[in-house]
């Protein structure tokens, strides 16, 4: 069975050595001293390793089954959710007013990575509930908040998000689900939604569906979409559950991965629903928590890469294959372990440098969300909005790729199910698709986010990189050569890509759109380059201060040097593709494919 060990030491390094959370003015951060965060992460690590991880293979092999209109979840899932509820993990970063613990989102993100790395399919039940609760918190009336949030934050009731229909995915303006107004102020919701994660299951007393639908007579297209609260069971005035609503599961989707999550076709047959937010402003309400939701999906990419990497390292150290070309390393055995071979080292270093850099990117993004929500920091909100498609798109693309590399370390044993490596790859694959497919993330980045507020936020990012390089270039000659020079070069590539779009995108928008995917990846590499430089600086500082665990910081520096030397130069390739323009991309007519 695969192993999983929560990366607590690395998270502590990021929170305290790199992000310096206790030095932040963000409300709540002053309480995040090292002892406190360590206690939280240690307990979360126990839940991840002892409760969730053993159920990961169970969920994958058993899957969910539909029986008489009820979805039965895999063995052990309900008991595990009960343990999560008993420990109050489901409301870690939600308001105390509704039963949460009001911890900063950055802690919720760190804990979420552990839980997702241990069992992604299981944690999605809780994750979808968090997203739905966040939407109600932001846009609900006081009565709606009082009715739904305490039960949802405790996960006594779970939640879903219903967007997609069979004929429309990204283009939600094409949806057909209708919401007919009723005299009592409610609506009758009718239509079919597909791909609804956690749409039906046997682990909660009620399921609160958030459903996008169109009110007849409203504006055409996306401007006519509204958001509704549609409970599985009606809720009486005293909070007790009433009659079954007109919502049912039509089928469970047969999927490549995340088998332990019940991804459903949901049928709404004149189901009673309640408007959430303003009429015809449903996407505004739904997208309130999209920065959080998409950061959460980026986290899934890192989490699956981390879990796969951990198992690849174990296998590479144990499996005997061939001899080290520089000299025998295992003279008492018939062969040396795989880890002596440079190509295996290259693969493992790709994985290690990505997961540690990606984790830093996630926690930095989460800290900006905290600054925006807890301090009203508009600059932080603008920067994280710019970086959200990068976090989601780059980290899930790279995360999936790293699970493949981990699987490759096993050779043929990675392809059969005995070692469990295929599950990481199959589970990670969905993260590139849902919450906005990665191609759409790239289009959003280039088509909307770069120009937002007159380009203020992308210029702020470039200034952030420039300032870091200027202030830290004289730490040492080695640091300048290993970290600052590669970061400067990569940032220049990114600026050149943005300039190309400005100069050529107006004349022919396809010049920008054809290069958007490469730009998203180039941006991701520069972000990880910046964070690796910051981690390198922090590691050097710890070593200079006589840190007791010198090996940890020396390993961090070596891993960072690898990323800067071997991974960050990918920006040059991406820039070459961007500046080649749209001609070769658009050269063929449709009938020539």
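In the UniProt record's numbering, the protein residues as written are 1 to 593.
No residue lacks a Cβ here, since even glycine has one placed at the ideal position from N, Cα and C.
Treat the numbers as computed from the prediction; the structure is a model and nothing was measured.
{"Check": "Distance, residue 540 Cα to residue 64 Cα", "Outcome": "49 Å"}
{"Check": "Cβ-based burial, residue 225 [other Cβ within 10 Å; buried from 16]", "Outcome": "buried"}
{"Check": "C-beta atoms of residue 253 and residue 235 nearer than 8 Å", "Outcome": "no"}
{"Check": "Bounding residues of the beta strand (DSSP E) (the contiguous stretch that carries residue 275)", "Outcome": "263-275"}
{"Check": "Three-state secondary structure (DSSP) of residue 96", "Outcome": "helix"}
{"Check": "C-alpha gap between residue 303 and residue 182, whole angstroms", "Outcome": "45 Å"}
{"Check": "Counterpart residues of residue 72 in DSSP-defined beta bridges", "Outcome": "65"}
{"Check": "Nearest candidate by alpha-carbon position, reference residue 100, set 279, 472, 155 and 430", "Outcome": "155"}
{"Check": "Start-to-end residues for the alpha helix (DSSP H) that takes in residue 209", "Outcome": "Run containing residue 209: none in the alpha helix (DSSP H); it sits in the beta strand (DSSP E), 206-214."}
{"Check": "Meets three-Cβ-pair contact criterion under 8 Å: the region 405-423 and the region 479-497", "Outcome": "no"}
{"Check": "Backbone CA spacing between residue 6 and residue 119 [nearest angstrom]", "Outcome": "12 Å"}
{"Check": "Alpha-carbon spacing of residue 121 relative to residue 417, whole angstroms", "Outcome": "18 Å"}
{"Check": "Collapsed DSSP secondary structure at residue 469 in the structure displayed", "Outcome": "helix"}
{"Check": "Residue 299 versus 113, 499, 12 and 562, residue with shortest Cα-Cα distance", "Outcome": "113"}
{"Check": "Sequence-distant residues of the same chain with beta carbon closer than 7 Å to residue 14, five excluded per side", "Outcome": "359, 360 and 363"}
{"Check": "Beta strand (DSSP E) segment containing residue 180, residue limits", "Outcome": "178-181"}
{"Check": "Residue 244: first and last residue of the uninterrupted beta strand (DSSP E) it sits in", "Outcome": "241-244"}
{"Check": "Close Cβ partners of residue 123 (< 8 Å) along its chain, the five nearest in sequence each way excluded", "Outcome": "52, 112, 115 and 116"}
{"Check": "Classification of residue 328 by the beta-carbon crowding that lies within 10 angstroms, buried from 16 upward", "Outcome": "exposed"}
{"Check": "DSSP state of residue 410 mapped onto helix, strand, coil", "Outcome": "coil"}
{"Check": "Runs of alpha helix (DSSP H) lying entirely within the UniProt domain \"Acetyl-CoA dehydrogenase-like C-terminal\" (461-589), each at least 4 residues, in chain order", "Outcome": "485-504, 509-513, 516-544, 550-562 and 570-579"}
{"Check": "Cβ contact check for the region 36-48 and the region 79-94: 3 or more pairs under 8 Å", "Outcome": "yes"}
{"Check": "Pair within 8 Å by beta-carbon distance, residue 267 and residue 282", "Outcome": "no"}
{"Check": "Cβ neighbours of residue 28 in the same chain (closer than 8 Å, five flanking residues each side left out)", "Outcome": "102, 103, 104, 370 and 374"}
{"Check": "Enclosing alpha helix (DSSP H) for residue 149 [first to last residue]", "Outcome": "142-153"}
{"Check": "Simplified DSSP assignment, three categories, for residue 219", "Outcome": "coil"}
{"Check": "Inter-residue spacing [alpha-carbon to alpha-carbon] between residue 470 and residue 424", "Outcome": "41 Å"}
{"Check": "Cβ-based neighbour list, residue 295, same chain, cut-off 6 Å, excluding 5 preceding and 5 following", "Outcome": "365 and 391"}
{"Check": "Closest Cα partner of residue 497 within the set 478, 506, 9 and 519", "Outcome": "519"}
{"Check": "Simplified DSSP assignment, three categories, for residue 434", "Outcome": "coil"}
{"Check": "For residue 402 and residue 617, believed in contact at Cβ under 8 Å, the rounded distance", "Outcome": "Beyond the ends of the chain as shown, which are 1 and 593, falls residue 617; an answer cannot be given."}
{"Check": "Cβ pair count under 8 Å reaching 3, the region 269-283 against the region 216-230", "Outcome": "yes"}
{"Check": "Same chain, Cβ closer than 7 Å to residue 153, five either side skipped, listed in chain order", "Outcome": "90, 91, 94, 98, 99, 100 and 133"}
{"Check": "Buried versus exposed call for residue 441 [16 or more other C-beta atoms within 10 Å across all chains shown]", "Outcome": "buried"}
{"Check": "Where the beta strand (DSSP E) containing residue 162 begins and where it ends", "Outcome": "157-162"}
{"Check": "Meets three-Cβ-pair contact criterion under 8 Å: the region 61-76 and the region 190-201", "Outcome": "yes"}
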